[in-house]
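Written out below as structure tokens is the structure these notes cover.
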Amino acid sequence: MTLRPTGHGPRRAPYVFLLPAILLFAGLFALPIGYALYLSLRKIDVKGLGLGKGARDEVWAGLSNYTDALHDPELLDGARRVLGYGLIVVPTMLGLALLFALLLDADRRGRKDTLLRGFSRLAIFLPYAIPGVVAALLWGFLYLPDVSPFHYLLDKAGLPRPELLDGNGLYASLSNIAVWGGTGFNMIVIYTSLRSIPAEVYEAARLDGCSQIQIALRVKIPMVVPSLVLTFFFSIIATVQVFSEPTTLKPLTNSVSTTWSPLMDVHQKAFVEGDLYAAAATSVIIAVVTLVLSFGFLKFAGARTGQGDAR
1 MTLRPTGHGP RRAPYVFLLP AILLFAGLFA LPIGYALYLS LRKIDVKGLG LGKGARDEVW
61 AGLSNYTDAL HDPELLDGAR RVLGYGLIVV PTMLGLALLF ALLLDADRRG RKDTLLRGFS
121 RLAIFLPYAI PGVVAALLWG FLYLPDVSPF HYLLDKAGLP RPELLDGNGL YASLSNIAVW
181 GGTGFNMIVI YTSLRSIPAE VYEAARLDGC SQIQIALRVK IPMVVPSLVL TFFFSIIATV
241 QVFSEPTTLK PLTNSVSTTW SPLMDVHQKA FVEGDLYAAA ATSVIIAVVT LVLSFGFLKF
301 AGARTGQGDA R
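For reference, each letter of the sequence shown is one residue, going 1 to 311 in our numbering.
Structure (structure tokens):
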């Protein structure tokens with residue numbers, strides 16, 4: 001005898017299981033964004049000397065905070081600096097990540113090769129596990145001429161010591177910290193995608209007479225394009241929002257200003273100048289630019305991928 005449900009029992013709405021995620025999303029993401037939007041449209045109206053009760057009132061500002069932010073030379077200069085920083089970081093980091101992933105995925109046999117490959121994966125990924133502030137401090141002291149062992153060795157060898165915390169050397173120094181810390185994560189993403197390619201594809205390429213380099217260029221790289229797009233997407237977001245590296249190096253050099261990057265400009269306005277309203281407007285502008293760049297690239301990459309599939 002088979003018992004069948006009558007349909008009269010209580011039904012649990014599936015949305016109940018989504019309630020914890022919805023509450024976390026609302027409390028930690030949606031509400032802060034809404035509050036930032038609210039602050040960006042307000043300002044403080046000061047009456048007289050600004051002393052006494054009622055002398056400072058929060059009033060409607062409209063889009064004036066956004067207009068002031070877009071005409072702020074410090075924000076525009078910071079955007080240009082971040083653009084130059086990104087032109088160095090993103091290609092270098094993704095290029096190294098792809099190279100390491102291809103080397104680790106090369107045809108190797110034997111237990112020793114497996115152990116070596118596992119150790120290499122861990123060694124490349126390990127810098128990503130180090131907090132950004134710690135990594136910036138580590139490299140910052142390696143850049144200082146008075147305490148750097150590299151500068152000491154160059155001085156003993158009679159070679160010129162480069163200025164790594166001033167001028168154009170500062171861009172290379174900041175980029176090196178980001179590349180050192182981010183290459184491992186991107187390598188793992190690409191390497192995981194490579195490992196998912198069926199072995200039969202490689203066997204067919206070998207039967208056709210392809211070398212390892214030809215397999216990498218004609219088979220592996222085209223098949224991991226989605227992973228490259230994903231890592232490029234993450235890299236754009238991280239580059240636009242760069243903050244910890246220049247902030248940590250700032251006490252070590254006079255070349256890093258308090259508004260070196262757009263997020264540092266937000267920090268300066270909010271916590272040094274005490275203008276939360278201008279800081280909120282600037283943060284909204286940065287968020288919009290990040291969304292436009294990221295999704296614009298995703299749309300472009302999707303269109304290119306669709307054209308490739310059609311061919």
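Backbone N, C-alpha and C fix where the C-beta goes; we use that ideal spot for every residue, glycine too.
Remember, predicted model here, so these are calculated numbers, not experimental data.
- Collapsing the DSSP output to three states places Ile-197 in coil.
- In this structure, Asn-65 lies away from Ala-238, with their beta-carbon atoms at least 7 Å apart.
- Pairing Glu-245 with Ala-129 gives a Cβ-Cβ distance that is not under 7 Å.
- Using a C-beta cut-off of 8 Å, the region 208-225 makes no contact with the region 268-286, since fewer than three inter-stretch Cβ pairs fall below that distance.
- Within the DSSP bridge table, the entry for Ile-33 names no partner.
- Along the length of the region 75-158, whole alpha helix (DSSP H) runs at least 4 residues long occupy 111-129, 132-143, 149-156, reported in chain order.
- Excluding sequence positions up to five before and after Val-46, its CB lies within less than 6 Å of the CB of Arg-56, all in the same chain and listed in chain order.
- For the options Asp-105, Thr-92, Leu-39, Lys-43, the alpha carbon positioned closest to that of Val-179 is the one of Thr-92.
- With respect to the 7 Å criterion, Thr-183 and Leu-96 are classified as neighbours on the basis of their beta carbons.
- Taking the Cα positions, Pro-14 is about 21 Å away from Gly-27.
- Per DSSP, Asp-45 is one residue of the beta strand (DSSP E) stretching across 42-46.
- The count of Cβ pairs closer than 8 Å, one atom from the region 195-212 and one from the region 151-161, stays below three, leaving the stretches out of contact.
- Between Lys-250 and Met-264, the alpha-carbon positions lie close to 11 Å from each other.
- Here Met-223 is not near Ala-101, since their CB atoms are 7 Å or more apart.
- DSSP, read as helix, strand or coil, puts Trp-60 in strand.
- Shortest Cα-Cα distance from Leu-94 to any of Thr-247, Gly-181, Ser-261, Cys-210 involves Gly-181.
- The criterion of a C-beta distance shorter than 7 Å is satisfied by Thr-259 and Glu-74.
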